[in-house]
DNA sequence: TAATAAATTTAGAATGATTCAAAAATAAAT
DNA sequence: ATTTATTTTTGAATCATTCTAAATTTATTA
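Protein chains in written order, with our numbering: chain A, 1 to 120; chain B, 121 to 240.
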């Protein structure tokens, strides 16, 4: 456990949501000003591999990192771009039925309007 | 309609599956040797925007392009890496129920073993 | 606690997919 | 056939991310 890693973990604990590496870098810099981007990537990649966080990828955007390590769904608002968590009950079973095998992992990103951006 | 665009469309019609821009580039080159990568990207981006193909993104890999323009699901095999289509009936309704709003689009990528890579 | 080994961080260059800007070529419209 | 609009080409640029090697820090062992 290094001071740099501690800073990254602190930043992710104290800020809610789905971070880009750059966002974490800027926040971690406030905790530990000499920290460098490669350290952010090293640690985030390690955490993803050990399964303590998740990676969310969206084409044309940098990857985001999600504090919630369990497979779950995401909404990306087509109005404001905000990323939110969602849980669809029974989804894993539906996937198992459709594939006929064990689901090792999955990513579901839904594009729709978040409550604040809804017109109707 | 240019000869380059025709070559790209021909390549996508005659080869099944989910192409990277680079794969399309190499195949299109056989049809039209002077074609250039930027033309591939121009055309693919245009087709995605007009909704005649879809983009699949996978972190750490180049984007893939899917001839099937309808929202549907994908399996990426954790054994061989192959990308296959899948359809999960009732998924859209489950998403509508969970979000309470109209689903404009979605991407679902499932990581599991394809039939050829299954051990059990 | 000192010495050694192992892991992590740093700096900065490198990579790779993709985009961009400007010029050249081609297609469409008059 | 001319003009206008669109597309392609070239090659440089961008951006997120990874890599390499050296320096530093942490953990382990004596």
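Just so it is clear, CB atoms sit at the ideal spot from N, CA and C, and this is done for glycine as well.
Check: Can you look up residue 186 of chain B in the DSSP assignment and give me helix, strand or coil?; Outcome: strand
Check: Within the 8 Å Cβ cut-off, does residue 213 of chain B reach chain A?; Outcome: no
Check: Under 7 Å Cβ-Cβ, which residues of chain A neighbour residue 231 of chain B?; Outcome: 104, 105 and 106
Check: Run the CB neighbour count on residue 229 of chain B, radius 10 Å, all protein chains shown included, and call it buried at 16 or more, exposed below.; Outcome: buried
Check: If you drop the 5 nearest sequence neighbours on each side, which residues of the same chain put their C-beta closer than 8 Å to that of residue 112 of chain A?; Outcome: 75, 77 and 78
Check: Is there a C-beta anywhere in chain A that falls below 8 Å from the one on residue 272 of chain B?; Outcome: No information on residue 272 of chain B is available, as it lies outside the stretch 121 to 240 that chain B covers here.
Check: Out of A/117, A/101 and A/119, which has the shortest C-alpha to C-alpha gap to residue 239 of chain B?; Outcome: A/101
Check: What are the residues that DSSP puts in a beta bridge with residue 112 of chain A?; Outcome: A/77
Check: Which residues does DSSP list as the beta-bridge partners of residue 86 of chain A?; Outcome: A/73
Check: Step through the CB atoms of chain A and report whether any lies within less than 8 Å of the CB of residue 218 of chain B.; Outcome: yes
Check: For residue 183 of chain B, go through chain A and note every residue whose CB falls closer than 8 Å to its CB, in chain order.; Outcome: 59
Check: Name the two residues that bound the continuous beta strand (DSSP E) containing residue 118 of chain A.; Outcome: Segment: none, residue 118 of chain A is in no beta strand (DSSP E) and carries neither H nor E.
Check: For residue 183 of chain B, I'd like the list of residues in its chain whose CB is within less than 6 Å of its CB, leaving aside the five on either flank, ordered along the chain.; Outcome: 175 and 177
Check: Do the CB positions of residue 88 of chain A and residue 214 of chain B come within less than 8 Å of each other?; Outcome: yes
Check: Note down the Cα distance separating residue 148 of chain B from residue 172 of chain B, rounded to an integer number of angstroms.; Outcome: 18 Å
Check: Contact criterion: CB-CB distance below 8 Å. Does residue 206 of chain B meet it with respect to chain A?; Outcome: yes
Check: In whole angstroms, what is the alpha-carbon distance linking residue 223 of chain B and residue 33 of chain A?; Outcome: 42 Å
Check: Which residues of the segment 67-81 of chain A have a Cβ closer than 8 Å to any Cβ of chain B? Give them in chain order.; Outcome: 73, 75 and 78
Check: Where DSSP assigns a beta bridge to residue 107 of chain A, which residues make up the other side?; Outcome: B/229
Check: Where do the ends of the alpha helix (DSSP H) carrying residue 24 of chain A lie?; Outcome: 21-31
Check: Straight-line CA distance for residue 99 of chain A to residue 35 of chain A?; Outcome: 44 Å
Check: Considering residue 160 of chain B, what are the terminal residues of the beta strand (DSSP E) in which it resides?; Outcome: It is not in any beta strand (DSSP E) - residue 160 of chain B instead sits in the alpha helix (DSSP H) that spans 157-170.
Check: Applying a beta-carbon distance threshold of less than 7 Å, which residues of chain B neighbour residue 118 of chain A?; Outcome: 221
Check: So the candidates are B/170, B/210 and B/217; which of them puts its Cα closest to the Cα of residue 97 of chain A?; Outcome: B/210
Check: Considering only residues of the same chain and omitting the five flanking positions on each side of residue 141 of chain B, which have a CB-CB separation below 8 Å?; Outcome: 157, 160, 161, 164, 182, 183 and 185
Check: Can you say whether residue 7 of chain A is buried or exposed, counting buried as having 16 or more other CB atoms within 10 angstroms of its CB?; Outcome: buried
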